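Student: Would you mind keeping the following structure in view while I ask a few things?
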Amino acid sequence: MAQQKSIMNYFKAS
Amino acid sequence: FEAKWDHASTLKKVIDAVKDLIGDTSWDCTNTGMSLQSMDSSHVALVHVLLKSEGFESYRCDRNVSMGISLNSMAKVLKCAGNDDSVTLRHESESSVVNFAFESHKEERVSEFELKLMNIDTEHLGIPETEYDSIIKMPSADLRRTCADLSQFGDSVTISCAKSDVRFETSGDIGTGNVRLSARGSSDKPETEIAIEMINPVSLTFALKYLNFFTKAAPLSDTVKLCMSNNHPLCVEFPMPEVGYIRYYLAPKIDE
Numbered sequence: 001m002a003q004q005k006s007i008m009n010y011f012k013a014s
Numbered sequence: 015f016e017a018k019w020d021h022a023s024t025l026k027k028v029i030d031a032v033k034d035l036i037g038d039t040s041w042d043c044t045n046t047g048m049s050l051q052s053m054d055s056s057h058v059a060l061v062h063v064l065l066k067s068e069g070f071e072s073y074r075c076d077r078n079v080s081m082g083i084s085l086n087s088m089a090k091v092l093k094c095a096g097n098d099d100s101v102t103l104r105h106e107s108e109s110s111v112v113n114f115a116f117e118s119h120k121e122e123r124v125s126e127f128e129l130k131l132m133n134i135d136t137e138h139l140g141i142p143e144t145e146y147d148s149i150i151k152m153p154s155a156d157l158r159r160t161c162a163d164l165s166q167f168g169d170s171v172t173i174s175c176a177k178s179d180v181r182f183e184t185s186g187d188i189g190t191g192n193v194r195l196s197a198r199g200s201s202d203k204p205e206t207e208i209a210i211e212m213i214n215p216v217s218l219t220f221a222l223k224y225l226n227f228f229t230k231a232a233p234l235s236d237t238v239k240l241c242m243s244n245n246h247p248l249c250v251e252f253p254m255p256e257v258g259y260i261r262y263y264l265a266p267k268i269d270e
């Protein structure tokens with residue numbers, strides 16, 4: 001099963 | 015801060031397009047325009063709205079301000095405006111409210127509402143400049159229909175982009191479904207065009223629930239752009255010429 005990633009895995013707090 | 019739109023319809027559509035995904039948010043107002051950036055509560059999707067100052071009838075922002083607002087409350091206030099009424103937003107420095115004034119174009123009816131601002135801790139994420147592997151421009155109604163149709167069969171959609179077509183596939187308990195859209199030009203009706211710019215083929219899987227939230231922006235824009243790179247969030251952009259855009263970012267589902 002494909003796991004849902006968090007957008008925070010890609011975009012970091014600026 | 016004071017901003018006026020000639021017609022309430024655009025602002026109503028913008029709020030309707032984002033309110034179900036992000037409840038409370040901060041509008042950041044600067045002299046270049048109003049913007050918001052917010053994640054949904056499960057931190058899977060990110061919404062970025064830009065309303066450029068040039069898109070307003072009049073716009074003034076003497077000092078940068080961040081207005082924390084419940085979008086559901088904002089939607090309630092905007093329900094009180096007719097589509098063709100003008101809308102003026104006003105906020106004074108240090109004030110804890112924002113004022114909305116709606117005026118009919120015959121000027122016989124003026125209504126005013128005051129909305130309490132909220133303290134919202136927003137975490138702004140940095141969105142890196144990305145050279146996408148595939149960019150698909152298509153009618154927004156086609157994307158809305160495709161996502162709605164496939165939602166009847168599965169929770170996830172795999173979007174695969176090749177040189178001349180893009181394929182949306184899903185599967186679920188009752189069966190499977192797929193929709194293939196082929197590139198097509200249209201010089202007299204550019205809004206019906208399907209254009210594919212492919213540098214590398216891409217295949218990514220996304221939760222349909224979020225894509226169905228995104229397509230609530232379809233009334234704002236005839237066309238939508240899907241920007242994809244393998245192992246990277248999808249960017250779904252609804253451009254509003256002269257006014258700005260709504261961009262939604264969605265993290266993919268990845269096989270562990």
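Residue numbers (this note's numbering), protein chains in the order written: chain A, 1 to 14; chain B, 15 to 270.
No residue lacks a Cβ here, since even glycine has one placed at the ideal position from N, Cα and C.
Small disclaimer: the values here were computed from a predicted structure and weren't measured.
Check distances from the C-beta atoms of the segment 210-228 of chain B to those of chain A and list, in chain order, the residues that come in under 7 Å.
Tutor: Going along the segment 210-228 of chain B in chain order, one finds 219 and 221 with a Cβ nearer than 7 Å to chain A.
Student: Any idea what DSSP makes of residue 176 of chain B, helix, strand or coil?
Tutor: Coil, per DSSP.
Student: Please compile the residues from chain A whose C-beta is within a distance smaller than 9 Å of the C-beta of residue 138 of chain B.
Tutor: Under the 9 Å cutoff, chain A gives 13 and 14.
Student: Which of the three DSSP states is assigned to residue 262 of chain B in this structure?
Tutor: Correct three-state label for residue 262 of chain B: strand.
Student: For residue 197 of chain B, name the three-state secondary structure that DSSP assigns.
Tutor: The answer is coil: DSSP assigns residue 197 of chain B none of H, G, I, E or B.
Student: Select from B:108, B:181 and B:255 the residue whose C-alpha is nearest the C-alpha of residue 197 of chain B.
Tutor: Ranking the options by Cα distance to residue 197 of chain B, first place goes to B:181.
Student: Mind pulling the beta strand (DSSP E) runs of 3 or more residues that sit fully within the segment 89-171 of chain B?
Tutor: Entirely contained in the segment 89-171 of chain B, the beta strand (DSSP E) runs reaching 3 residues are, in chain order, 100-104, 111-117, 124-130 and 148-153.
Student: At a CB-CB cut-off below 8 Å, which residues of chain A make contact with residue 62 of chain B?
Tutor: Here the premise fails: no neighbours, minimum Cβ distance about 10 Å.
Student: Nearest by alpha-carbon distance to residue 188 of chain B: which of B:167, B:205, B:206 and B:41 is it?
Tutor: When each option's Cα is compared against that of residue 188 of chain B, the closest is B:167.
Student: What is the residue span of the beta strand (DSSP E) that residue 23 of chain B lies within?
Tutor: From DSSP, residue 23 of chain B is part of no beta strand (DSSP E) but of the alpha helix (DSSP H) over 23-32.
Student: Could you check which residue in B:59, B:21 and B:228 has the C-alpha nearest to that of residue 267 of chain B?
Tutor: Of B:59, B:21 and B:228, the residue nearest in Cα terms is B:59.
Student: Who are the neighbours of residue 152 of chain B on chain A, taking C-beta pairs under 7 Å?
Tutor: Ordered by position in chain A, no residue passes the 7 Å Cβ test against residue 152 of chain B, which lies about 23 Å from the chain.
Student: Apart from the five residues just before and just after residue 132 of chain B, which ones in its own chain have a Cβ nearer than 8 Å to its Cβ?
Tutor: 38, 82, 83 and 84, listed in sequence order.
Student: At which residue ranges does the segment 217-266 of chain B contain complete alpha helix (DSSP H) runs of 4 or more residues, listed in the order of the chain?
Tutor: Runs of the alpha helix (DSSP H) inside the segment 217-266 of chain B: 222-228.
Student: Give the secondary structure of residue 188 of chain B by DSSP, where H, G and I count as helix, E and B as strand, and everything else as coil.
Tutor: Residue 188 of chain B falls in the coil class under three-state DSSP.
Student: Could you name the residues of the segment 41-59 of chain B whose beta carbon sits closer than 9 Å to any beta carbon of chain A, in the order they occur along the chain?
Tutor: Hits within the stretch, in order: 53, 54, 56, 57, 58 and 59.
Student: Which term fits residue 237 of chain B, buried or exposed, when burial requires 16 or more other beta carbons within 10 angstroms of its beta carbon?
Tutor: Classification of residue 237 of chain B: buried, given that the 10 Å Cβ count is 16 or more.
Student: Please list the partners that residue 263 of chain B has in chain A, where partner means a Cβ-to-Cβ separation under 9 Å.
Tutor: Result: 7, 10 and 11.
Student: Is the CB of residue 5 of chain B under 9 Å away from at least one CB in chain A?
Tutor: It is not possible to answer for residue 5 of chain B, since the shown part of chain B is limited to 15 through 270.
Student: Determine which residues of the segment 163-177 of chain B have a Cβ less than 8 Å from any Cβ of chain A, and write them out in chain order.
Tutor: Listed by position, the residues of the segment 163-177 of chain B near chain A (Cβ gap below 8 Å) are 170.
Student: Measure the CB-CB distance between residue 161 of chain B and residue 222 of chain B and report whether it falls below 9 Å.
Tutor: Cβ atoms of residue 161 of chain B and residue 222 of chain B: closer than 9 Å.
Student: Whole angstroms is fine: what's the gap from residue 93 of chain B's alpha carbon to residue 262 of chain B's?
Tutor: The straight-line gap from Cα to Cα measures roughly 24 Å.
Student: For residue 215 of chain B, which of B:99, B:244, B:193 and B:232 has the nearest alpha-carbon?
Tutor: With distances taken between Cα atoms, residue 215 of chain B lies closest to B:244.
Student: Going by the DSSP bridge assignment, what does residue 43 of chain B pair with across the sheet?
Tutor: Its beta-bridge partners are B:48 and B:79.
Student: Mind checking residue 271 of chain B: buried by the 16 CB within 10 Å criterion, or exposed?
Tutor: Nothing about residue 271 of chain B can be reported from this structure: the residues present for chain B run from 15 to 270 only.
Student: Please work out which residues of its chain come closer than 6 Å, Cβ to Cβ, to residue 32 of chain B, disregarding the five sequence neighbours upstream and downstream, and give them in chain order.
Tutor: Correct list, in chain order: 61.
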